[in-house]
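Novice: Here the protein sequences come in this chain order: A and B. Per UniProt numbering, the first sequence starts with residue 1, numbered consecutively. Per UniProt numbering, the second sequence starts with residue 1, numbered consecutively. For each residue, glycine too, the CB sits at the ideal point set by N, CA and C. Take a look at the following structure, please.
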Amino acid sequence: MKVLSEDRTRILFEKLTKYIGVNVKLLIDRPDGTYCFREKKDRVYYISERLLHLAQTLKPDHLIAAGTCFGKFTKTNKFRLHITALTYIAPYAPYKIWVKPSAEQQFLYGHHIIKSGLGRITENTPKHHGVVVYTMSDIPIGFGVAARTTAECRHADPLATIVFHQADVGEYIRSEDTLT
Amino acid sequence: MGRKAKFDETKKVKKGPGRKARKQPDPVFKKSLVEDDTTEKKLTHRQKQRAAKRAKKKAELAEKRKALKQAKKNVSKQTEVEVDNDEGHSSDEESTQGFTDDNKEWLKPKQKSKSKEKKIHSDVEETEDDSGHDDGSDVNADSDNNDKQGTKATGEKYKVGTLDDLFKDTDDENDDAESEDEGAASDNKLEYDSNSSGSDKDEDDDTDNDDDMLPIEKANIKLVKKQKTDKKLADEEMQLNIAKQDVFAFPSQEELQNPTSLQDIHQRIKDVVTVLGNFSTLKEEGRSRCEYTDLLLKDLCIYYSYNEFLMEVLMQIFPVLELVEFLEASEVARPVTIRTNSLKTRRRDLAQALINRGVNLDPVGKWSKVGLVVYSSTVPIGATPEYLAGHYILQGASSYLPVMALAPQENERILDMCAAPGGKASHIAAIMKNTGTLFANDANKERTKAIVGNFHRLGVVNAVICNHDGREFPEVMKGFDRVLLDAPCTGTGVIAKDPSVKTTKDQKDIQRCFNIQRQLLLAAIDCCSAKSSTGGYIVYSTCSILPEENEWVVNYALKRRNVKLVPTGLDFGTEGFVKYRHHRFHPSLKLTRRFYPHTHNMDGFYVAKLKKFSNVIPEPFKDEDDEELESKSEDSKQNGDIESGDQKPVPQKKGDSRKRSATSDGPQMKKKKSDVESNKGNNAQPTPASNQKNKRNRKNKKNVKQHGTNAANNAISDKSEVQENSKDIKEQRETKIRNENVDTKSSIEEIDSVQKDPNTKTTVNKSKKKRKNQKNQETSNVQNQNINKNENKITEKVEVVAAKKLKNKFNKKNKQIGKLNSNNVKKPMKDQSVHKKFKKNK
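Written out as structure tokens, the structure reads:
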């Protein structure tokens, strides 16, 4: 567990801003204690200081995970959000999209969302902005990147992609080993 | 439309202007119309005529019958006897009660005449009363009578309970059909016709003799006869069956060796269970209970495909009847249960969402606020969006119990020692509402990934997941408020989930398990802090039902640490054992809870809650009975004694053990000799060597003292080995191994795992020691002659092994058992003398 480098912190926050906008600062300034980002084996964990102190007493080899894993830095030093970050992204995300029940399963198997599966979408969603995907019963099931703006969606072809898939909760089953 | 009827008084029809229909009042009937017809109407002329005719006919009929009865008396006597017999057999009262009076009269020819007249009169009256009826009614009445007769005749059969319903039915039908056919005809005719038809067809002799007998009567007689024979047969059959059941014939050897079918075995199991249930009355002469239980054991093993060891253990836990129930319950899977993740949703919401997906579910019971039982589902319950979003987790109902017993509080620091795959740990986090700190530890690194996945899915953020050996956790961190130890076990409670348990587990597995469990439990207790203001609790649970892995382990911990048992807070489940076979556990073990698949419909489980009242670790050595095993696991190194080996209460213990090994050689030597003798019979080769060893052994006592560690290692052996012919070879190999890892833990565990018969063990051990010594001597070239002689007698295999060993060990031994050398100097002399003696014996 080491502190993120300046560079990586910037990359991480840029990425997070794509999904939750200015709400990033809510992750840092919390009323219930101080939380911080720590890096372990290129994975970034979001963890309360109190927990961090305890976790740091363990030998690194024996420590598997602590707090919440947000994602990992790739070899090209880009940050990739993991589905495990959904717990924190979903409540803060400004742009959301709801999928129809018929399209839920498709998305959960890693497919993009097409127009025909689109249930609702937040007004004024800009292009290429991160969006959180919800079911019609308001359960967050993943996130992605908007392929079109809300306006464009209205006139899109039924088979046109609306959201590019990035992560979905199906990964908990599909790729449990690579979650963290 | 139309006028609304005033069926309902409360509803009042609107009054006032409107359509005519609405205003129309209720109809009023004339007095004459409303007048009830209590007064009897006069019969019409024709009706009167018909009635008179009817009465006349009936009178005629009755007369005829009278005559018939008298003529028939002889015959009827016979039948009467039969009837009586019948009734006597079954239940007199019932049969008489079961029918109306007039029917009874019909049955008995003697009283018939009077009663019949009466009856006919009543009939006539009845018909007279019926004003609207014509001839048909009469016929109907008569046919009714016929029916009644039929039923009456057959009614007795009902009582007997035979299978003659069919027969009866056809009779009835016959009667009915006849009466219907000739509905228009007069009564007399009807009766005669039916008589002739019935008798012609059915009866041989009676028709000739008793022309005046009514067909129904004849049929009745016939019926009774038939009944009687049927009943006789049925009774015989019953007797046969009863005889078969009551005296369960113990199967012969051949029967046992050639099992026919599983059904037979199942039947035999049932029989034996009933016999064992009431042994004194049901047993076969000259058979002991043992024979029955042995038979049952074998049958159960075959039928449920268990290995004998496990079945034996189960038989010791359960009484026979319960055992069968348990085995049956272990065959079927428990219902699927899910636990609501209270961090993300509520149970009611989740249930609604799942019901919408086509899942049929119910709350698991009053004792849990988060559990749901899934009866059926149209979607895979482990892959719904709700599941993936972490609203619930698939978890057996029994897994809620340890967490409920642990009763975590918010802002505590809690440890789950064996957490994978994180079901219970996430439950703890949910109860803590993501406050405090949860350490989820598992020894298996691969399985920790499951914990990571589940925790993230369920939204647990207050957890640290680590990968330590639980036994070493106290060195990592201490001072937890609560510790949950769901120890690895043999899984005898979850046989339905993993049937391989049935055949794969044996004594060694169990011993391996409970040794680890003991160490883990002690470690868990050490991790816990007695000074915690809110906690200081440890919950120990397993999914096994064996007392060795449960009560015994807890009992062990009670003696080794400053802990006491407290109520688990679970209001159901059976109490833990205080006595089990020869074990006498601490009485407070009553406070622990056991759960069985057959009584609680959840996996077999055990939960114990301990409270730590002091952080001081008491003196590790407590010489109490029944702790031999424990002592071995911990102290075998220091003891250097093998005899503390078994579950028999041994008066002397650890402290005295060395002395004992030195002093108590005498009787054992004798035993040894007898062993050796028997070995002689089997294979002559090893005897001379072992004889020498015997003698040598006395000298070696000193060695034993000095090298307790080696002796302890030698303790490892198997009862079975003693009896095997290839014993020596094995021993040599074993000693080899042992010498190599003198102090390693594995050897200690092995020691623990072998404790069947202390005596045989010790003898084996000693022989091993001797062997070792012998080797030493050989290496020191003191005793070449003896060796040569011995080796001549040893089989080639042994030679090869010995030679190898010699080469390998030559250097090692001198180093390891360096001190032996000084003693060994004198040994050759004695050995030679022994050898001489041996020769003499020969």
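1) Looking at C-beta atoms only, is the number of pairs between the region 62 to 72 of chain A and the region 460 to 468 of chain B that lie closer than 8 angstroms three or more?
2) Name the chain B residues whose beta carbon is nearer than 8 angstroms to that of Ser137 of chain A?
3) When Cβ atoms are compared, which residues of the region 457 to 491 of chain B fall closer than 8 angstroms to chain A?
4) Run through the DSSP bridge pairs and tell me what Pro140 of chain A is partnered with.
5) With C-beta atoms as the reference, is Cys513 of chain B less than 8 angstroms away from Cys543 of chain B?
6) Do Ala160 of chain A and Lys127 of chain A come within 8 angstroms of each other at the CB atom, strictly closer than that value?
7) Please confirm whether Leu589 of chain B and Asn555 of chain B have their CB atoms less than 8 angstroms apart.
8) Listing by chain order, which chain B residues have their CB less than 7 angstroms from the CB of Pro140 of chain A?
9) Which residues in the same chain have their Cβ closer than 6 angstroms to the Cβ of Met417 of chain B, if we skip the five residues on either side of it in sequence?
10) How far does the beta strand (DSSP E) with Tyr606 of chain B in it extend, from its first residue to its last?
11) Please tell me whether Ser102 of chain A and Gly117 of chain A are closer than 8 angstroms, where the distance is taken between their beta carbons.
12) Once the 5 residues before and after Gly119 of chain A are set aside, which same chain residues still bring their CB inside 7 angstroms of it?
13) Could you tell me the boundaries of the alpha helix (DSSP H) in which Phe248 of chain B lies?
14) Which bits of chain A does Lys449 of chain B rub up against, with CB to CB less than 7 angstroms?
15) Does Ala383 of chain B have its Cβ less than 8 angstroms from a Cβ in chain A?
16) If you reduce the DSSP assignment to three classes, tell me which class Val169 of chain A lands in.
17) Could you check where the beta strand (DSSP E) with Pro31 of chain A kicks off and where it finishes?
18) For Asn454 of chain B, which of helix, strand or coil comes out of DSSP?
19) Check whether chain A comes within 8 angstroms of Gly453 of chain B, counting only Cβ atoms and requiring the distance to be less than that.
20) Which same chain residues, not among the five before or five after Gln106 of chain A, have their C-beta less than 7 angstroms away from its C-beta?
21) Exposed or buried, Met238 of chain B, counting other C-beta atoms within 10 Å across all chains shown (16 or more means buried)?
22) Could you tell me the distance, in whole angstroms, from the CA atom of Lys41 of chain A to the CA atom of Asp177 of chain A?
23) When you compare the CB positions of Gly129 of chain A and Ala146 of chain A, do they come within less than 8 angstroms of one another, or not?
24) Please tell me whether Lys609 of chain B and Val566 of chain B are closer than 8 angstroms, where the distance is taken between their beta carbons.
25) Should Cys69 of chain A be flagged as near chain B, meaning a C-beta pair shorter than 8 angstroms?
26) For a test of the three-state rule: what should DSSP assign to Lys283 of chain B, helix, strand or coil?
27) Check the Cβ-Cβ distances between Thr504 of chain B and every residue of chain A, and say whether any is below 8 angstroms.
28) Mind checking whether Leu27 of chain A and Val452 of chain B have CB atoms under 8 angstroms apart?
29) Identify the contact partners of Thr378 of chain B in chain A, using a Cβ-Cβ distance below 8 angstroms as the criterion.
30) Across the region 392 to 404 of chain B and the region 322 to 337 of chain B, are there enough close Cβ pairs to call them in contact, namely three or more that are closer than 8 angstroms?
31) Along the region 259 to 270 of chain B, where does the CB come closer than 7 angstroms to a CB of chain A? Name the residues.
32) Of all Cβ atoms in chain A, is any one closer than 8 angstroms to the Cβ of Glu386 of chain B?
33) Please report how far the alpha carbon of Asp205 of chain B lies from the alpha carbon of Lys222 of chain B, in whole angstroms.
34) Does DSSP put His600 of chain B in a helix, a strand or coil?
35) Please report how far the alpha carbon of Pro597 of chain B lies from the alpha carbon of Lys231 of chain B, in whole angstroms.
36) With a cut-off of 8 angstroms on the beta carbons, I'd call Thr17 of chain A and Val24 of chain A a contact; round off their distance for me.
Specialist: The answer reads as follows:
1) yes
2) Ala353
3) Arg457, Gly459, Val461, Asn462, Ala463, Val464, Ile465, Cys466, Asn467, His468, Val476 and Met477
4) A:Tyr134
5) With respect to Cys543 of chain B, Cys513 of chain B sits apart: the two C-beta atoms are not nearer than 8 angstroms.
6) no
7) yes
8) Ala389
9) Asn441, Gly470, Leu485 and Ala524
10) Phe605 to Lys612
11) yes
12) Trp98, Val99, Lys100 and Met136
13) Here Phe248 of chain B belongs to no alpha helix (DSSP H), and DSSP marks it neither H nor E.
14) Glu176 and Asp177
15) Chain A contact via Cβ: present.
16) The answer is coil: DSSP assigns Val169 of chain A none of H, G, I, E or B.
17) First-last for Pro31 of chain A: undefined, no H or E at that position.
18) helix
19) Yes, contact with chain A.
20) Gly117
21) exposed
22) Rounded to the nearest angstrom, the two C-alpha atoms are 15 angstroms apart.
23) The displayed chain sequence assigns His, not Gly, to residue 129 of chain A. For His129 of chain A and Ala146 of chain A, yes; Cβs fall inside 8 angstroms.
24) In contact: Lys609 of chain B and Val566 of chain B (Cβ atoms closer than 8 angstroms).
25) Taking a beta-carbon distance threshold of 8 angstroms, Cys69 of chain A counts as an interface residue toward chain B.
26) coil
27) no
28) It is not a contact, given that the beta carbons lie outside the stated cut-off.
29) Correct list: empty, because the minimum Cβ distance to chain A is about 14 angstroms.
30) yes
31) none
32) Interface flag for Glu386 of chain B against chain A is set, since a Cβ pair is found closer than 8 angstroms.
33) Because Asp205 of chain B carries a pLDDT of 47, less than 50, the predicted location of this residue cannot be relied on, and the following value inherits that uncertainty. The C-alpha of Lys222 of chain B is placed about 11 angstroms away from the C-alpha of Asp205 of chain B.
34) helix
35) 45 angstroms
36) About 6 angstroms separates the two Cβ atoms, so the contact holds.
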